[in-house]
Amino acid sequence: EKGTYPHFMLKEIDEQPFVMRKIIQEYQDENDEIKLDEQVRQAMLETDRVYIIAAGTSFHAGLVGKQFLENIANVPVEVHIASEFSYNMPLLSEKPLFVFISQSGETADSRSVLVKIKELGHPSLTLTNVPGSTLSREADYTLHLHAGPEIAVASTKAYTAQIAVLAILAVDTAKAKRLSFDFNPLQELAIVANAMEGLTDQKEIIEEIARDFFTETRNAFYIGRGLDYFVVQEASLKLKEISYIQAEGFAGGELKHGTIALIEDGTPVIALATQESVNLSIRGNVQEVAARGAKTCVISMKGLEQEGDTLVLPHVHELLTPLVSVVPMQLLAYYAALHRDCDVDKPRNLAKSVTVE
Ligand code: F6R
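Rendered as structure tokens:
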């Protein structure tokens, strides 16, 4: 039930700190170490390449997960859009492991890939929020997201739960491989939970940005580099699906290769700046669009902020920034939809789970 909340989406955005804490609890043993299904651990050790298969928001979580698995666990990863996989099927490695990411566990596009790879005899793991779901029953192994029921059509807490579980999986694999790394995901996720909570106090600032940038506009751009690039893709999907504003998430450096032609006086451009290695270059991109008339806003992270930034997010481990930076993006979409009188929880033309191909 919604309780005192006007919409499920807002409730589910606010639940994210609790979801992080629930995941910590569920994936922690009595020695504060990671607790994970031994079979999943073995499958991760045996594979020479992970193929992540997902759609929509879950695909965007997969893009972040690839960085975790490659950087932390040294496992090569490809991320594929489920509906394209069968037609543009890549050459498979010798020991592929297929990882399906799906909130509902019912997405037909993903299921058809699962059917196909099972015929080929490859192992599969599903990350889902619904343990008894089709993708969960039909895959060899399942990891549960523990986000609680997600009712709003626009996915929010499932995305952050997917990223959190992928981080735990990556570190567990690294440990099983005896790789050295400096990162306790359970501790870092606790810091993330607090950071998320801090943001719920900043709703008024975010509502103001949404009012200022999105009430009238027909289109909008989000830009980022590195991990921020993946988050801005999710940010633009959120805005499109519930506010019907045409939006795109771009890699900051790619704008000048064509898309910058669309920037006019007043075009909204929201930039994310949470990654140290690209902090100066993304700010250069903001100046490029501002010089062409764009209305710009920078959301940065503590330690990387510059004068004039609209919002400064609390500091968390650099790899986990998507968990925190997506929250203002979700809220921006929510308030944009609200101010434009859209049906936030049930946007037109969309269903919560897409069971047709
Ligand atoms: C976006 C959204 C969709 C889903 C996609 C996959 O907010 O909800 O893009 O993420 O349809 O659904 P699942 O994760 O259930 O497979």
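By the count of full-length UniProt numbering, the sequence shown reaches residue 601 at its end, each step adding exactly one.
For glycine and all other residues, C-beta sits at the position ideal for the given N, C-alpha and C.
Keep in mind that this is a model prediction, so the values were computed, not measured.
Per DSSP, what kind of secondary structure is residue i in: helix, strand or coil?
{"i": "R355", "result": "helix"}
{"i": "L389", "result": "coil"}
{"i": "A517", "result": "strand"}
{"i": "L432", "result": "Note on residue identity: the sequence assigns Glu, not Leu, to residue 432. If DSSP states are grouped into helix, strand and coil, E432 belongs with the helices."}
{"i": "P261", "result": "helix"}
{"i": "N463", "result": "strand"}
{"i": "E492", "result": "strand"}
{"i": "G468", "result": "strand"}
{"i": "I450", "result": "helix"}
{"i": "I486", "result": "helix"}
{"i": "I507", "result": "coil"}
Out of the options, state which residue places its alpha-carbon closest to the alpha-carbon of residue i.
{"i": "D416", "options": "G442, A287, E452", "result": "A287"}
{"i": "R584", "options": "F458, L379, E274", "result": "F458"}
{"i": "L594", "options": "K482, Q283, L499", "result": "K482"}
{"i": "V263", "options": "A396, A402, G552", "result": "A402"}
{"i": "P561", "options": "V321, L358, E452, F312", "result": "Looking at the sequence provided, one finds His at residue 561 rather than Pro. For the residues V321, L358, E452, F312, the minimum Cα distance to H561 belongs to F312."}
{"i": "S525", "options": "P250, Y473, I486, M573", "result": "Y473"}
{"i": "P250", "options": "D589, V397, A505", "result": "D589"}
{"i": "E485", "options": "G365, I449, A577", "result": "A577"}
{"i": "K266", "options": "T599, R422, G392, E448", "result": "G392"}
{"i": "S356", "options": "K339, S327, T372, Q272", "result": "S327"}
{"i": "K339", "options": "S424, E492, D445, T291", "result": "T291"}
{"i": "G510", "options": "L516, E492, A534, A517", "result": "A534"}
{"i": "F344", "options": "V542, K310, E551", "result": "K310"}
{"i": "residue 617", "options": "G247, D258, Q269", "result": "No information on residue 617 is available, as it lies outside the stretch 245 to 601 that the chain covers here."}
{"i": "Y271", "options": "S399, V294, K255, L387", "result": "L387"}
{"i": "L379", "options": "P367, Q574, S354", "result": "S354"}
{"i": "Q574", "options": "L254, E245, T248", "result": "L254"}
{"i": "A517", "options": "T404, Q550, S544, L335", "result": "S544"}
{"i": "G547", "options": "Q283, N373, S521", "result": "S521"}
{"i": "R536", "options": "K500, L567, F494, E274", "result": "K500"}
{"i": "L567", "options": "E274, G442, A495", "result": "G442"}
{"i": "E314", "options": "D587, S399, L563, V374", "result": "L563"}
{"i": "residue 211", "options": "A405, R527, T444, T372", "result": "A query on residue 211 cannot be resolved here, the shown segment of the chain reaching from 245 to 601 and no further."}
{"i": "V321", "options": "T301, M333, V294", "result": "V294"}
{"i": "L280", "options": "E394, R527, E350, A414", "result": "A414"}
{"i": "I278", "options": "T599, E451, I412", "result": "I412"}
{"i": "R422", "options": "L289, D276, V409", "result": "L289"}
{"i": "F252", "options": "R592, S597, D587", "result": "D587"}
{"i": "D258", "options": "V374, R455, K447, S597", "result": "K447"}
{"i": "E282", "options": "Y385, F425, G300", "result": "Y385"}
{"i": "L555", "options": "I453, L389, V284", "result": "I453"}
{"i": "V476", "options": "N275, T565, G247, K246", "result": "T565"}
{"i": "P367", "options": "V284, G247, D456, H559", "result": "V284"}
{"i": "S597", "options": "T301, T248, E245", "result": "T301"}
What distance in whole Å lies between the Cβ atoms of residue j and residue i, which are believed to be in contact at a cut-off of 8 Å?
{"i": "I467", "j": "N523", "result": "At roughly 13 Å, the Cβ-Cβ gap does not stay under 8 Å, so I467 and N523 are not in contact."}
{"i": "residue 200", "j": "I507", "result": "Look at the range of the chain in this structure, 245 to 601, and you will see that residue 200 is not part of it."}
{"i": "G470", "j": "Q519", "result": "4 Å"}
{"i": "A298", "j": "S348", "result": "That belief does not hold up - the Cβ atoms of A298 and S348 are roughly 11 Å apart, past 8 Å."}
{"i": "L369", "j": "L341", "result": "7 Å"}
{"i": "V570", "j": "E478", "result": "6 Å"}
{"i": "K360", "j": "S330", "result": "6 Å"}
{"i": "F427", "j": "I316", "result": "7 Å"}
{"i": "A420", "j": "L557", "result": "With 8 Å as the limit, A420 and L557 do not qualify as a contact, their Cβ atoms being about 32 Å apart."}
{"i": "C541", "j": "I504", "result": "C541 to I504, Cβ: 17 Å. No contact."}
{"i": "A305", "j": "I407", "result": "5 Å"}
{"i": "E382", "j": "L364", "result": "Actually they are not in contact, since the Cβ atoms of E382 and L364 sit about 14 Å apart, beyond 8 Å."}
{"i": "E394", "j": "S377", "result": "Wrong, their Cβ atoms sit about 13 Å apart, outside the cutoff."}
{"i": "E256", "j": "T372", "result": "At roughly 16 Å, the Cβ-Cβ gap does not stay under 8 Å, so E256 and T372 are not in contact."}
{"i": "A352", "j": "V600", "result": "6 Å"}
{"i": "V323", "j": "F303", "result": "7 Å"}
{"i": "P261", "j": "A538", "result": "33 Å between Cβ atoms; not a contact."}
{"i": "A580", "j": "S487", "result": "4 Å"}
Taking 7 Å as the cut-off, is the CB of residue i close to at least one heavy atom of the ligand NAD?
{"i": "N438", "result": "By its list of ligands, the structure shown excludes the ligand NAD, since it contains just the ligand F6R."}
**Report entry** Residues whose Cβ lies closer than 7 Å to any heavy atom of the ligand F6R, in chain order
**Finding:** This selection yields A298, A299, G300, T301, S302, I345, S346, Q347, S348, G349, E350, T351, S354, V397, A398, S399, A402, L481, K482, E485, S597, V598.
Query raised in the report: Curious, which full-length beta strand (DSSP E) runs of at least 3 residues does the UniProt domain "SIS" (280-423) contain?
Result: The UniProt domain "SIS" (280-423) is shown to contain whole beta strand (DSSP E) runs of 3 or more residues at 293-298, 321-325, 340-346, 368-372, 385-388, in chain order.
Requested in this report: Pick out the complete alpha helix (DSSP H) segments inside the stretch 527-596, 4 residues or longer, and give them in chain order.
Outcome: For the stretch 527-596, the continuous alpha helix (DSSP H) assignments of 4+ residues that do not extend past its boundaries occur at 565-583, in sequence order.
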